[in-house]
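Right, one structure below, let's go through it.
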Amino acid sequence: MKLVTAIVKPHKLEDVKEALTALGLAGMTVSEVRGFGRQRGHTEVYRGAEYTIEFIPKVCIEVLVDDSDAHDTAQAMVVAARTGKIGDGKVWVTPVDELIRVRTGEIGADAL
Amino acid sequence: MSRGKALIAMTLLTFIVLCVVGKTYNDKNGDTDGSKTGVTSDYVTATGATTNADGSIPLSQEGINQMANETGHLRISVNFVWLLMTGFLVLFMQVGFALLVTGLTRAKNAGHMMMMNLTSFAVALIAYFAVGFAFQFGGVAPVSALGGLGPLSKIFPTGNGGLIGLHGFFLQSGHSYDVGVIAMFLFQVVFMETAGYIIIGAIAERISFAAFLLAEVAMGAIIYPIYGNWVWGGGFLAKLGDSLSWGHGAVDFAGSGVVHATGGWAALALAVVLGPRIGKFNKDKSPNAFPGHNLGYVVVGTLVLVFGWMGFNPGSTFAGADLRIAVVAVNTLLAGCFGTVTAIAWTNAKWGKPDISMACNGMLAGLVAITAPCAFVAPWAACVIGLVAGLLVCYGVYFFDHVLHVDDPCGAISVHGVCGAWGVLAVGIFADGTYGATWNGVPGTVKGILYGDGGQLLAQIAHVVLGFAWAFGLTYIIFTIARRFMKIRVSEEAEIEGLDMPEFGALCYPDFQLVAHGAGHAPSAASSSSNDAPVSVQREGV
């Protein structure tokens, strides 16, 4: 099993969700996060004083998939989230050692 | 029968019933256009006037006296209703101030901000009731629009040098338990409250609650009322026309100087004594931005204040029978809108985007500036006054931040102090001689220097200079002394954590997760030295 994690622009959440639904994924977890990458933050002026927005709002999407689906899932997220502009985010895949469904106690791929 | 058919049948039935009712009771003998309500018979029943046998009023001295009596009563009644209703509008401005200053500060202090707004109202009102009102208006009589206000007849010293009023303590002394006096109290206490709210904008996010209470008592009992006496209560500034032949003496229609500049300069003194918030200025004195946590509050608060200002300025005629109120109201709106547009254009030109909170400050700047001249100037002049105020507030905020390095979170000093002073001067420039006959007892109407009365401008300058010296000086003295005996500022720990919990034991937003890495809230240069990263709010849960 793999955990596919994507950090994307908030307004791309809907596109990514649709792409994943089209792949037939059963579930996903979404959280609001803040951070910066190579683009760093940007500066604004408030009442005449400059300030830096250091952490830019992003959305973090996490999906658990079978090993064989990991590549396609990650690719679908990348395509759906891409705007071509700086700050589009990242997608990465990590291995998952153990997985248990809370309600039934099913273990491993059965719990997906 | 289907549901659709039943519905149609019910509709038709209702229609038929209504038609039948209309035809059957086609009775128009009631007073359908209002012309039969409020006529001679109402006068007779209301006053118990004697009538001729046919119900007409007798053509006698007695009949005329009765009518004159009733007309006088009616005129004063209209003024009372006007004064009280506009006073209620000014009272509503408290909501505007509370939203404005809370929105312009950080979420971690929101409860403290709201509590200060609530408490200032109660505490300052009690101080004003006890002594403030008497100090200010104890010698204001006669006020013809309100039936004379005879009990308020004692001022010290008498003549042209009045300094302090002496009737009306606790609304009892000098027979001041009197409808006119108490109506006057309602209208004036909400004006005093305005000066009391103004200071909150400049002391926000760091003053201790105890020091704040002291500030409000001082404002309600001494700082505001005594200065108010000099301009509005028959004191020496109002008499500059008699004593020095300076126009009509200090003229301040609704309080650009008496209310707003007093509040603004007291706010300046407090901000200086308190010092800036932690992290506001870097080592090289350049300012950091602490964005307000709710610009929605700021905009709604500003619009509430505009609405309240429709009582603040027009109500200051004390008379609904004074039809100049229409000019006053429209001048007020014009100045406010010109102030906003100017601030939007200026911030856009300077920083590339219009600044929401500065646009709101621009509107308030226009309103504050027009408050003194609103009754004396033509609409075109109101536009000029608002436009200049919009510029003044933008430069003022920049000046206090970048030049004087005084930390004023909500721009109270620029909006109320600077633009208040400008409004007072504007009377001496733009008053066009169409209003203000025998103002302050001086014959003729009020004219500015553009209309031939340079003396009026001198009186206005005296009002500005003395107003600054009194409000800034006295507040500064009170708090430099108070600083020796009490903690006027919260601890560094409390300031960083947010004042809600240390001061009141309750958060304004307990269901929100406070995170210490908010967008733009942490000025990196300042926060690198200590852990004073200000806090922003992020919604909890995923």
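Residue numbers (my numbering), protein chains in the order written: chain U, 1 to 112; chain A, 1001 to 1542. Glycine included, every Cβ here is placed at the ideal spot set by N, Cα and C. Source: prediction; values computed, not measured.
Exercise. Can you list, in chain order, the residues of its chain whose CB lies under 8 Å from that of GLU106/U, leaving out five sequence neighbours each side?
Worked result: ILE100
Exercise. With a CB to CB cut of under 6 Å and the five nearest residues on each side skipped, what residues in its chain are close to ILE1200/A?
Worked result: VAL1101, MET1116
Exercise. Any Cβ of chain A within less than 9 Å of the Cβ of ALA49/U?
Worked result: yes
Problem set entry | chain U contacts made by the stretch 1282 to 1298 of chain A, where a contact means CB separation under 7 Å | PRO1287, ASN1288, ALA1289, PRO1291
Exercise. Is the Cβ of GLU98/U closer than 9 Å to any Cβ of chain A?
Worked result: no
For this session: Let me know the secondary structure DSSP gives VAL1039/A once reduced to three states.
Result: coil
For this session: Pull up the DSSP beta-bridge partners for CYS1394/A, would you.
Result: DSSP output for CYS1394/A lists no bridge partner at all.
Problem set entry | Span separating the alpha-carbon of GLY1103/A from that of ALA19/U | Straight-line measurement puts the Cα of ALA19/U at about 40 Å from the Cα of GLY1103/A.
For this session: Excluding the 5 residues preceding and the 5 following ASP67/U in the sequence, name in chain order all residues of the same chain whose CB lies nearer than 7 Å to its CB.
Result: MET1, LYS2
For this session: Give a yes or no on whether the C-beta atoms belonging to GLY1307/A and ALA1378/A are separated by under 9 Å.
Result: It is Phe, not Gly, that sits at residue 1307/A in the sequence shown. It is not a contact, given that the beta carbons lie outside the stated cut-off.
Exercise. If you count every other CB in all the chains shown that lies within 10 Å of the CB of THR1194/A, and 16 or more means buried, which is it?
Worked result: Its Cβ being crowded by 16 or more others within 10 Å, THR1194/A is buried.
Exercise. For a contact meaning CB atoms closer than 8 Å, what does TRP1346/A contact in chain U?
Worked result: The premise fails here: TRP1346/A is roughly 10 Å from chain U at the closest Cβ pair, so nothing lies under 8 Å.
Exercise. Between the stretch 1346 to 1355 of chain A and the stretch 1412 to 1427 of chain A, are three or more C-beta pairs nearer than 8 Å?
Worked result: no
For this session: Look up ALA1098/A in the DSSP assignment and say whether it is helix, strand or coil.
Result: helix
Problem set entry | Own chain, CB closer than 7 Å to ALA1211/A, minus 5 neighbours either side, in chain order | ALA1482, MET1486, ILE1488
Exercise. Taking 9 Å as the CB-CB cut-off, is VAL45/U touching chain A?
Worked result: yes
Problem set entry | Sub-9 Å separation of ALA1107/A and GLY1498/A beta-carbons | yes
For this session: Along the alpha helix (DSSP H) that carries ILE1552/A, what are the first and last residues, could you check?
Result: With chain A represented from 1001 up to 1542, any question about residue 1552/A goes unanswered, as that position is not in the structure.
Problem set entry | Top-ranked residue by Cα proximity to ALA1204/A, from SER1256/A, VAL1406/A, SER1316/A | VAL1406/A
Exercise. What is the DSSP secondary structure of VAL1446/A, reduced to helix, strand or coil?
Worked result: coil
Exercise. SER1357/A versus chain U: which residues are under 7 Å apart at the beta carbon?
Worked result: In chain order: ARG47.
Exercise. Can you name the residues of chain U whose CB is closer than 8 Å to the CB of TYR1398/A?
Worked result: Going along chain U in sequence order, the residues near TYR1398/A (Cβ under 8 Å) are GLY48.
For this session: Determine, using beta carbons only, whether CYS1374/A comes closer than 9 Å to chain U.
Result: It does not: the Cβ of CYS1374/A has no partner Cβ on chain U nearer than 9 Å.
Exercise. Cβ of HIS1402/A less than 9 Å from any chain U Cβ?
Worked result: At a cut-off of 9 Å between beta-carbon atoms, HIS1402/A makes contact with chain U.
For this session: Assign ILE1008/A to one of two classes, buried (16 or more other C-beta atoms within 10 Å of its C-beta) or exposed (fewer than that).
Result: exposed
Exercise. Which runs of the alpha helix (DSSP H) fall wholly inside the stretch 1263 to 1336 of chain A and span at least 4 residues, in chain order?
Worked result: 1295 to 1312
For this session: Note down the Cα distance separating ASP23/U from THR73/U, rounded to an integer number of angstroms.
Result: Residue 23/U is actually Leu in this sequence, not Asp. For LEU23/U and THR73/U, the distance between alpha carbons rounds to 8 Å.
Exercise. Is LEU1013/A near the ligand NAP, with its Cβ less than 8 Å from a heavy atom?
Worked result: The ligand NAP is not part of the structure shown, which contains no ligands of any sort.
Problem set entry | Residue closest to LYS1239/A, alpha-carbon to alpha-carbon, out of ALA1494/A, ALA1462/A, THR1014/A, ILE1496/A | Of the listed residues, the one whose Cα sits closest to LYS1239/A is ALA1462/A.
Problem set entry | Residue from PRO1058/A, LEU1099/A, ASN1160/A, MET1219/A whose Cα sits closest to the Cα of GLY1301/A | LEU1099/A
Problem set entry | Closest Cα partner of TYR1224/A within the set PHE1472/A, GLY1296/A, LEU1012/A, ALA1110/A | PHE1472/A
Exercise. Alpha carbon to alpha carbon, what distance is there between THR1037/A and ASP1031/A?
Worked result: 7 Å
Exercise. Are the C-beta atoms of CYS1337/A and some chain B residue less than 9 Å apart?
Worked result: This model lacks chain B altogether, as its protein chains are U and A.
Problem set entry | Residue-chain proximity (LYS1350/A, chain U), Cβ-Cβ < 9 Å | yes
Problem set entry | Backbone CA spacing between ASN1361/A and ALA49/U [nearest angstrom] | 16 Å
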